[in-house]
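Colleague:
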Amino acid sequence: MNPPKFRFAALSVVKHDYVPIGVAAHPRFEPVVVADDSDQPDRVHGLNQKFADDYKIPYVRDVERAIADYNVQVAVVSSEAERHCDLSVRAADAGLHIVQDKPMSNRVSECDRVVEAVERNNVKFLLWNRNYIPALIQAKQALDSGRIGEIYAIHSEFYFPKDKGPPRDPSKPKKPTIHRLERQKEAHAAGSDAGDRPMGELQVEGIYPLASMRMLTGAAVRKVFARTTAHFHQFCVDNDIEDLATVTLEMDKGILGTLCIGRIGAASRSHTGEIKTRVLGSKGALVINESRPAIQVYYRGRPSSDRPLQGVAADNDFRLPENFAWAIDTDGDTILNARAGRAICATVQAAMDSGRSGIPVTVS
Amino acid sequence: MATRLALIGGGENAASYTTVTPRLPNAAFVAVVDPQPDRAQAAADSLGASITANSLEKLLERGADAFDVVIIPESNHARSSLALQAAEAGKHVLTASPLAPSVEDAERVVEACRSADVRLMASSSLRFMPSHQAVKNALADGKLGEPGLLRMHRWSQPSGPNSANDIVLGGAVAGIDLAIWLFGGSPTEVYAVGRSGYAQVHLGFPDGGMALIDEARTLPSGDGYLSLSLIGSSGAAYADDHHNRNLVFQGGDPSAIDTGQGAAALTAQLEEFVSAVEEGREPAASGAENCTAIQVAEAAVTSLQSQQTLRLNGGSYELA
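As you go down the protein sequences, you meet chains A and B in turn. If you're matching positions, the first sequence starts at 1 in the numbering used here and goes up one per residue. If you're matching positions, the second sequence starts at 1001 in the numbering used here and goes up one per residue.
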């Protein structure tokens, strides 16, 4: 007998439609409704309607009514970052299990609300991540086998080769922050986060390397020292946010680490970049290129926009909902639950505080 | 006339120079110093040198006029006293980095060389590796824009004293020197953490520049690992060991082997020093530059002990 399907409501599809698409592609999940709050701008309603049309399901401009009327067990949240947690709390209070887009939030206090609601309602929560990338799974297996002994250091380099508007121009006077809604339109069209207040690269992408480091080591970050700067993009200069950061991590079990993260611009990397993790252990070391496997395609007349290196590992988007279904079936834990997501958000916040103050900061 | 070189230390140290010698048209080894006479003689034979001695002192007594340059390797832990001895005898000094275990000692050597009007180079081969020279050239040519982030990993086997302090004041000085060289000035902020066999140094440079250098001495015997990337405002350079490995299949998981960069780094280092001697100019990787790197390493040790950041203030590093 086939295991039961979970009916899900997509609560806002304004940002990364790959999250609900990924969940919908898994045979255990079925999209039945798209829902959002009625007071959202027309642009948001338009994007939600498009997803509903693509899947031939209704779009309801009332989250609570949609949950009540469509007999759903799961919510998939992919709104703007600042609305993630509120939608997740409402879903949890309605007894739904939740898959939530990254970042968990741009405020630790919002993450705390989710942790409380998820635990009080005894529902499962999965924060979208990259931990099932084949190279990371392979690394995890190698580490678990004990081949490099006890881990004592871990390093992640996570360079994102996308632009964020025009390059920094030191000769230009700093301009006031641009209109948030305009920035969101542009960012979401490119699959990026924008936030109700400007978000730097630590907030936008930090979840991914910090989640994989947490998975590989089983250790939480306790203290950070960070350097942050707006090195590449005028947008980041104008909005006082970082597009490049380095973070020293002091973790549980005496593990030391570093994170280098940057939106380094399209000119500085091929494809998604060579995102690397390096692990040192008492008996050896491991160097992992997360962007493998990949192929390279060259041809006469290739435009520079068609990058030759193409990653071909697509397992992650299937294995995340697989893990989520397993957690619901067995009352197990998801690969990145609400508490872990909250801890990562707090690490990011501590790194931002350290970057501003220039001194080490303890993670709250 | 070719510049005449005296090498301190036979054995493996001398062997690394045998492939370099034929590539140096303007220099020749004339003497080898080693406390073991047979090692000194074997090294002299392989390098084409005619003089051997069991100490620098003896060499200076017997043949001070026979050589111009003293080369002091990394394996010799009395580098600063040998450099002082050589400088006082009017010999140019090419020594491994770090020049001395403290800034104070290093500055004494720099001053001795200045007073004697002899050239002083203090460098690891890191600066002279073809890959790092190519990164520097890309930066100098403006291809990368302003340097933003230098990331360097250097891992090897345990050797000698292996505390985090030892590592920072030893091998990590070369990485710090490389960062200063690429950023073109001293860091303004220093933070470090470490443990036995391992240290990581976090540097902040003016205008938001940053560098992270980790040095591990815990790998099992065999190969080492070196990786460097430099992210600039308009481009990036990756001198990454991961790309430069070949695979060996022998049952089980394949092994990755490093093809290396040959003797090019050592050759370039010697060529630069010999040219500086001939031209009477300051060499690249000068003693003064090495003093700066040692000063940063000392700040990193203070950070390790205090768990605090240090900031550059009027030429010295102070707790933030």
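By construction, the Cβ of each residue, glycine as well, lies at the ideal position given by its N, Cα and C atoms. Predicted model only: the values in this text are computed from it and were never measured.
Output the distance between the C-alpha atoms of B:A1324 and A:L136, rounded to the nearest integer angstrom.
Modeller: There is simply no residue 1324 of chain B to check, as chain B begins at 1001 and stops at 1320 in what is shown.
Colleague: Let me check one thing: in DSSP terms, what residues is A:T229 bridge-paired to?
Modeller: Paired residues: A:L244.
Colleague: Taking B:D1214 as the query, report the chain A residues whose CB atoms sit under 9 Å from its CB, ordered along the chain.
Modeller: Per Cβ cutoff of 9 Å: A153, H155, L256, T258, R278, L280.
Colleague: Determine the chain B residues that contact A:L283 at a beta-carbon separation under 8 Å, and present them in chain order.
Modeller: First, the residue type needs correcting, since residue 283 of chain A is Lys and not Leu in the sequence shown. Simply P1220.
Colleague: For B:G1209, decide whether its Cβ has a neighbour in chain A, counting only Cβ atoms nearer than 9 Å.
Modeller: Chain A, which has a Cβ nearer than 9 Å to the Cβ of B:G1209, makes this yes.
Colleague: Closest to B:P1035 by CA distance: which of B:A1053, B:S1016, B:A1083 is it?
Modeller: Nearest C-alpha to B:P1035: B:A1053.
Colleague: When you compare each of A:G332, A:M104, A:I151, A:P170 to A:D252 by their alpha carbons, which one comes out closest?
Modeller: Answer by Cα proximity: A:I151.
Colleague: When you compare only the Cα positions, how much space is there between B:W1155 and A:D93?
Modeller: B:W1155 and A:D93: Cα-Cα distance of roughly 51 Å.
Colleague: Looking only at DSSP bridge pairs, what is A:G165 linked to?
Modeller: Paired residue(s): none; A:G165 is not in a bridge.
Colleague: Could you compute how far the alpha carbon of A:A9 sits from the alpha carbon of A:V76?
Modeller: One C-alpha to the other measures close to 6 Å.
Colleague: So the candidates are A:I133, A:P134, A:V33, A:H155; which of them puts its Cα closest to the Cα of A:I57?
Modeller: The candidate whose alpha carbon is nearest that of A:I57 is A:V33.
Colleague: Which term fits B:A1096, buried or exposed, when burial requires 16 or more other beta carbons within 10 angstroms of its beta carbon?
Modeller: B:A1096 should be labelled buried.
Colleague: Return the residues of the region 1298–1311 of chain B that lie within a Cβ-Cβ distance of less than 8 Å from chain A, sorted by chain order.
Modeller: Here the close residues are Q1307, Q1308, T1309, R1311.
Colleague: Tell me which residue opens and which closes the alpha helix (DSSP H) that B:Q1041 is part of.
Modeller: It spans 1037–1047 - the alpha helix (DSSP H) in which B:Q1041 sits, taken as one unbroken run.
Colleague: What first and last residue would you give for the alpha helix (DSSP H) that runs through A:M352?
Modeller: That run of the alpha helix (DSSP H) goes 338–357.
Colleague: Within the region 1275–1313 of chain B, note down every full beta strand (DSSP E) run reaching 3 residues or more, in order along the chain.
Modeller: Listed in chain order, the complete beta strand (DSSP E) runs (minimum 3 residues) inside the region 1275–1313 of chain B are 1310–1313.
Colleague: Do the region 1130–1139 of chain B and the region 1280–1294 of chain B meet, that is, are 3 or more Cβ pairs less than 8 Å apart?
Modeller: Not touching, per the Cβ criterion.
Colleague: Exposed or buried, A:S212, counting other C-beta atoms within 10 Å across all chains shown (16 or more means buried)?
Modeller: Counting Cβ neighbours within 10 Å, A:S212 comes out buried, since at least 16 surround it.
Colleague: Three-state secondary structure (DSSP) at B:N1137?
Modeller: It is helical.
Colleague: Where A:A343 and A:S12 are concerned, what is the direct C-alpha to C-alpha distance, given to the nearest angstrom?
Modeller: Using only the alpha carbons, I get a separation of about 25 Å.
Colleague: Counting pairs of beta carbons, one from the region 120–128 of chain A and one from the region 1003–1017 of chain B, are three or more of them closer than 8 Å?
Modeller: The answer is no - the region 1003–1017 of chain B does not touch the region 120–128 of chain A, with fewer than three Cβ pairs under 8 Å.
Colleague: At the 9 Å Cβ level, is B:V1193 part of the contact set with chain A, yes or no?
Modeller: Yes - at least one Cβ of chain A is within 9 Å of the one on B:V1193.
Colleague: Since A:H233 contacts A:P167 with CB under 8 Å, what's their CB separation in whole angstroms?
Modeller: 6 Å between Cβ atoms; contact.
Colleague: Take B:D1117 as the anchor and find which of B:A1086, B:L1266, B:R1079, B:S1055 has the nearest alpha-carbon.
Modeller: If we check each option's Cα against that of B:D1117, B:A1086 comes out closest.
Colleague: Using DSSP's beta-bridge definition, name the partner residues of A:R278.
Modeller: A:R278 is bridged to A:H155, A:V287.
Colleague: Can the beta-carbon of A:T410 be found closer than 9 Å to that of A:I154?
Modeller: No answer is possible for residue 410 of chain A: the residues shown for chain A start at 1 and end at 364.
Colleague: Which class does B:Y1225 belong to by DSSP, given the choice of helix, strand or coil?
Modeller: Three-state DSSP puts B:Y1225 in a strand.
Colleague: Fully enclosed by the region 78–126 of chain A, which alpha helix (DSSP H) runs are 4 residues long or longer?
Modeller: As far as the region 78–126 of chain A is concerned, its whole alpha helix (DSSP H) runs of at least 4 residues are 81–93, 108–121.
Colleague: Which word fits B:E1104, buried or exposed, when buried means at least 16 other C-beta atoms lie within 10 angstroms of its C-beta?
Modeller: Its Cβ having fewer than 16 others within 10 Å, B:E1104 is exposed.
Colleague: Can you give me the C-alpha to C-alpha distance between A:N316 and A:P20, rounded to a whole angstrom?
Modeller: So the alpha carbons of these two residues sit roughly 14 Å apart.
Colleague: In the DSSP assignment, what are the bridge partners of A:G311?
Modeller: Bridge partners of A:G311: A:A294.
Colleague: Could you tell me which residues DSSP puts in a beta bridge with B:T1003?
Modeller: In the DSSP output, where bridge partners are listed per residue, B:T1003 has B:A1027.
Colleague: Give the range of the beta strand (DSSP E) segment to which B:Q1200 is assigned.
Modeller: Its beta strand (DSSP E) spans residues 1198–1204.
Colleague: Residues bridged to A:C236 by DSSP?
Modeller: DSSP lists no partner for A:C236.
Colleague: Can you find a C-beta in chain B that's less than 9 Å from the C-beta of A:Y159?
Modeller: Closer than 9 Å: yes.
Colleague: Measure the Cβ-Cβ separation of A:T229 and B:M1210 and say whether it is below 9 Å.
Modeller: Yes, they are a contact pair.
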